[in-house]
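Residue numbers (the working numbering), protein chains in the order written: chain G, 2 to 318; chain F, 2 to 318.
Step one of this worksheet: look at the structure below.
Number of protein chains: 2
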Amino acid sequence: MAPETDTTSPKFERMALIGVGLIGSSIARAARRANLVGSIVGCARTAKTRDKAMELGIVDAMYEDPAETVAGADLVIVCSHLGSYATVGAAMSSSLAPGAIVTDVGSVKGCVARDLGPHIPAGVHLVPGHPVSGSEKTGPEAGFAELFDNRWWILTPGEGADQDVVLRLKNFVLALGSRVEIMAADRHDLVLAITSHLPHLIAYNIVSTADDMETVTQGEVVKYSAGGFRDFTRIAASDPEFWRDVFLNNRDAVLETLGRFTEDLIALQRSIRWGEGDKLLEVFSQSRDIRHRIIQAGQDTGAADFGRRTESPDNSD
Amino acid sequence: MAPETDTTSPKFERMALIGVGLIGSSIARAARRANLVGSIVGCARTAKTRDKAMELGIVDAMYEDPAETVAGADLVIVCSHLGSYATVGAAMSSSLAPGAIVTDVGSVKGCVARDLGPHIPAGVHLVPGHPVSGSEKTGPEAGFAELFDNRWWILTPGEGADQDVVLRLKNFVLALGSRVEIMAADRHDLVLAITSHLPHLIAYNIVSTADDMETVTQGEVVKYSAGGFRDFTRIAASDPEFWRDVFLNNRDAVLETLGRFTEDLIALQRSIRWGEGDKLLEVFSQSRDIRHRIIQAGQDTGAADFGRRTESPDNSD
């Protein structure tokens with residue numbers, strides 16, 4: 002590896018992607034777009050995915066073995082499911098190049114130090130990360146270079162992290178098109194528990210509850226789903242294995258936010274049972290306010306279509 | 002009133018709308034589009050709304066008093082909030098014309114017989130209804146003639162209802178552009194509890210829970226809302242008073258479905274606590290299946306954008 006003249010440069014000679022699904026293949030495309038890397042190599046378990054990635058021309062070489070993939074790489078990005086980290090870490094450990102930066106894109110950050118950490122040799126830098134962006138589509142062909150543009154990418158370096166290394170990775174992520182935030186892993190996991198993990202769990206649960214009632218209502222749940230239910234099935238259409246790994250690995254923060262959610266729900270339930278209209282009105286009115294702040298923050302539009310162009314569930318269903 | 006030659010004709014001489022908000026004003030527009038009514042009169046509490054409706058040209062006359070509004074009408078449609086039904090019923094009772102059909106558009110049907118029923122004189126026909134369509138926008142200016150096109154309109158006639166009257170109202174609703182379903186009021190209330198009322202309650206609750214945690218997380222809930230939370234704030238942006246009335250009037254069915262939801266959620270919580278990955282995977286996989294059936298039934302599209310054209314929360318957040 003050539004000596005770095007600028008220790009915080011966003012450019013790398015050889016980027017190794019462990020996993021080339023939606024996120025991995027999008028990183029490859031965005032890195033090429035910004036001319037950030039000399040070569041890109043990838044790792045995938047199945048020949049089908051390796052062939053697809055080569056065919057798409059987004060990598061220079063594909064390997065089955067993580068050790069072969071990371072050999073000689075100065076940047077390694079783990080893009081596989083959270084449940085694979087310990088195995089991937091053990092497999093690549095002995096081949097990691099001195100001075101290399103290892104990061105990941107997982108949706109939970111506290112578990113990265115636990116699962117990857119023990120496999121990172123002295124002289125190799127581990128800086129966990131999470132691009133808060135994506136799509137429910139999967140596979141190398143689903144990726145695109147613009148996926149990270151103007152979205153948040155959170156880095157969660159450990160307390161003893163080399164600040165030049167963190168800055169270098171930050172510059173790389175910025176060059177991919179993202180906005181960057183640096184925070185502690187446990188804070189990340191709490192924030193994502195409420196903004197992403199709990200909403201997905203609730204959506205899965207209401208769809209499951211309705212599915213059980215489907216035997217009672219003979220197809221009517223599907224027929225009248227436009228009344229609001231439909232929007233929950235959309236969020237619940239994501240990859241089951243991906244979400245299983247999220248909940249198993251962010252257990253404490255999810256249980257904490259879930260406890261608060263259930264507490265609040267029981268209070269609403271009691272207000273309905275006892276006909277406390279004023280209390281219901283108070284809770285419902287507060288919700289409008291946070292919606293307003295999200296639109297102000299540019300995180301959504303105020304369009305009236307509930308995501309549909311021609312039909313919409315509503316306040317009259 | 003001229004004698005009817007066809008007792009099941011969808012045409013009426015004089016349609017009275019109690020309330021000219023989104024639904025009422027859309028009925029006026031759709032009825033004009035299909036040339037279903039001779040004249041349209043409306044009722045609104047505020048001069049501002051009455052003036053707006055006249056200015057839009059969707060009614061021939063506006064009144065403040067329900068009694069004046071319904072005088073001489075052969076079709077009366079109550080389009081005000083559920084909480085107003087008893088008052089509206091008492092106010093219009095003595096002016097209802099013999100043979101007139103009274104219907105409504107409320108999201109709960111069991112309470113209509115209770116609140117409007119006692120005020121319907123002998124010789125006047127009450128047939129409750131619910132168009133399962135709308136938008137979170139409100140007011141006469143939000144209405145449009147196409148609102149009911151190809152959406153479901155549920156009629157819930159009582160057991161002793163005159164079948165010719167039901168058929169006549171059904172023909173009227175079909176002529177507005179809707180598809181029609183006839184079912185018992187209590188079945189309607191159970192089906193809507195799971196497909197619409199519970200989803201809205203859950204959305205309100207998660208937004209409220211997050212709002213309380215917002216003090217802990219210093220704006221991060223809003224900042225990272227694209228991870229899934231955003232979609233819940235959208236559904237929770239609806240009219241608070243409207244939803245208070247829904248929950249107070251569909252108490253039993255909402256508490257029943259809420260009980261099932263909580264039971265299922267506690268089971269998921271337990272699986273997370275004890276690391277039961279197989280059970281989580283089973284529930285998450287079932288959800289994909291019902292989503293697939295909704296798309297097959299034409300109640301949503303499989304578009305990957307979560308309702309956004311350029312950015313999307315996902316399975317990787």
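C-beta: ideal position from N, C-alpha, C; glycine also.
Nothing here was measured: the structure is a model prediction, and the numbers come from that model.
Straight-line gap, residue i to residue j (C-alpha atoms, nearest Å)
i	j	result
G/R34	G/P99	27 Å
G/V21	F/G20	57 Å
F/D116	F/V89	9 Å
F/V167	G/S286	38 Å
F/S134	F/R152	6 Å
G/P241	F/S95	60 Å
G/R231	G/T8	50 Å
F/A186	F/P158	8 Å
F/N172	F/L127	16 Å
F/S108	F/C80	11 Å
G/R289	F/V208	9 Å
G/L281	F/I203	13 Å
G/A237	F/A87	40 Å
F/D265	G/M214	12 Å
G/C44	G/T139	16 Å
G/G124	G/G161	13 Å
G/E69	G/V247	28 Å
F/L256	G/R274	7 Å
G/G276	G/E283	14 Å
G/D163	G/T258	33 Å
Three-way DSSP call (helix, strand, coil) for residue i in this model
i	result
F/D315	Only weak support exists for where F/D315 lies, its pLDDT of 33 falling under 50; the coordinates are left without a value.
F/A304	With a pLDDT of only 49 at F/A304, under the threshold of 50, the placement of this residue in the model should not be trusted, and no figure is reported.
G/E333	Lying outside 2 to 318, the shown extent of chain G, residue 333 of chain G is not represented and no answer is given.
G/H82	coil
G/L266	helix
F/G278	helix
F/P11	coil
F/P141	helix
G/I291	helix
F/K224	helix
G/A237	coil
F/F285	helix
G/A146	coil
C-beta contact flag for residue i and residue j at 8 Å
i	j	result
G/S226	F/I295	yes
G/R251	G/H198	The sequence given here has Asn at residue 251 of chain G, not Arg. For G/N251 and G/H198, yes; Cβs fall inside 8 Å.
G/P141	G/L18	no
F/V71	F/M93	yes
G/L156	G/V192	no
G/A254	G/A194	yes
F/I24	F/V106	yes
G/G130	G/W154	yes
F/R261	G/T210	yes
F/A32	F/I41	yes
G/M16	G/V38	yes
F/V60	F/A29	yes
G/L170	G/F149	no
F/I291	G/T234	yes
Exposure of residue i, with buried meaning 16 or more beta-carbon neighbours within 10 Å
i	result
G/Q270	buried
G/I267	exposed
G/N206	buried
G/H293	exposed
F/D52	exposed
F/D212	buried
G/D75	buried
G/W244	buried
F/P11	buried
F/K224	buried
G/G228	buried
G/D279	exposed
F/K49	exposed
G/E312	With a pLDDT of 32 at G/E312, under the threshold of 50, the modelled position of this residue cannot be trusted; read the value that follows with caution. Counting Cβ neighbours within 10 Å, G/E312 comes out buried, since at least 16 surround it.
Identified DSSP bridge partners for residue i
i	result
G/L127	G/V103
F/Y64	F/C44
F/A92	Answer is none; F/A92 lacks a bridge partner.
F/M16	F/I41 and F/L76
G/I155	G/H131 and G/E182
Worksheet item: Residues in the region 215 to 242 of chain G with C-beta within 7 Å of chain A's C-beta atoms, listed in sequence order?
Response: Protein chains G and F are contained in the structure displayed, whereas chain A is not.
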